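One structure is given here, and the rest of the page talks about it.
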Amino acid sequence: MSIVHVLADTTPPATEKTNNFLIPNGTFFFELILFVIILVIIWKKIYPRLAKVLEDRQALIDRQIAESAEAKDRLEKAESEYREALAEAKKEAAKIREDAAADKARIVEEARGQAQQQVDDMLRRAEDRIATEREQAIRALRSEVGTLAVSLAERVVRVSLEDDAKQRQVVDAFLAALESDTARESEPASG
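Each step along the sequence shown adds one to the number in the numbering used here, with nothing skipped, and position 168 is 273.
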């Protein structure tokens, strides 16, 4: 085969129609009808499902936004309550510290009062004991001084004072004289 034959075979016969893309043919109308049918199927079957999925998705997003806003409100409320509780706790702590300080002062004052009372009791008991011991010492000294005075008086006067009443009178007189001499010596000198 020659090239001429090949080129001759490719040339369209004169009796055939030429395909002009500007003039629609049957294939175009068939494709157009199929396209419209596919669009109607998409519109009737797929679009409602797709629209429902999109609406559900939008509803989910709206619900999440509402829950987020609600959670934010709850968080703000919780923070507010926390701040109020913290302020209340601080007030309560301050009150407890004040009460503790007042209790401390009261306890210290009570302890001081009890200590002072114990000291006063001890002093009173000591004074009572001293007074009792002084009385006992005075009685013991009187009897001893009385005996010594009688003995001394007997020697000096050479008189026997056997009568108890006389002995007591002599001792009492002697002691009274001693006490008055002691009182005069202990008085401050005036003048």
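Beta carbons are placed, not taken as given, at the ideal position from N, Cα and C, and that holds for glycine.
The model shown is predicted, which means the values in this text are computed figures rather than measured ones.
- Leucine 127: not part of any alpha helix (DSSP H); DSSP gives it neither H nor E.
- Remark: C-beta atoms of valine 224 and glycine 251 do not approach each other more closely than 7 Å.
- At the C-beta level, phenylalanine 279 and alanine 245 stay beyond 7 Å of one another.
- Under the three-state reduction of DSSP, glutamate 292 is assigned to coil, being neither helix nor strand.
- Annotation note: the stretch 154 to 178 contains no uninterrupted beta strand (DSSP E) run of length 3 or greater.
- Here aspartate 204 carries a helix assignment [DSSP, helix/strand/coil].
- The beta carbon of isoleucine 243 sits closer than 6 Å to none of the beta carbons in its chain outside the five residues before and after it.
- Look at aspartate 225 here: in three-state DSSP terms it is helix.
- Note on geometry: alpha-carbon atoms of asparagine 130 and leucine 137 lie some 11 Å from one another.
- In this model, threonine 132 and leucine 139 are separated by some 11 Å (Cα to Cα).
- Judged by DSSP in its simplified three-state form, aspartate 268 adopts coil rather than helix or strand.
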